[in-house]
Amino acid sequence: MNFEITFKTKWSDFDPNRHMRHTAYNDYAAEVRVRFFQEHGLSINEFAKLNIGPILFKEETSFFKEIHIGENITVKMELEGVSKGIERWRFNHQIFNEAAN
């Protein structure tokens, strides 16, 4: 299962050296997860009604190329696995600049 969203980066995503902050990458990945669940009928309000919520147990990031200020980015998310009881999900996110690097 694949899902992707394109975003326009914003000034607050970057450090004084004009490099995207490491936490901004994770923020965009989290936004994609929330939108994925929302598009599949599990909005934040629906989670609240069910008295459950998405909890992040582990996050690991590898950086290969820089994202520059003003670039659009595409965040691609792939479902890598689900536990037997469907209570735990594992996603892989990839973030690409406009040149798809």
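In the numbering used here, each number is its position in the sequence shown, counted from 1, plus 158.
Where a beta carbon is used, it is the ideal one built from N, C-alpha and C, also for glycine.
Given the structure is predicted, the values throughout are model-derived calculations rather than measurements.
Nearest Cα to Glu229 within the set Asn160, Met178 and Gln196: Met178.
For the pair Phe254 and Thr219, the Cα-to-Cα distance works out to about 14 Å. Closest option to Ser170, judged by alpha-carbon separation, among Glu162, Thr164, His180 and Ile163: His180. Counting only the Cα atoms, Ala182 lies some 13 Å from Thr232. Among the bridge pairs identified by DSSP, Asn250 is matched with Glu236.
For Glu162, the enclosing beta strand (DSSP E) stretches over residues Asn160 to Lys166. Bounds of the alpha helix (DSSP H) holding Ala188 are His180 to Glu197. Per DSSP, the continuous alpha helix (DSSP H) segment holding Ile202 begins and ends at Ile202 to Lys207. Asn230 is bridged by DSSP to Lys166.
Counting of Cβ neighbours within 10 angstroms places His198 among the exposed residues, the total staying below 16. One alpha carbon belongs to Ala257, the other to Leu237, and they sit about 24 Å apart.
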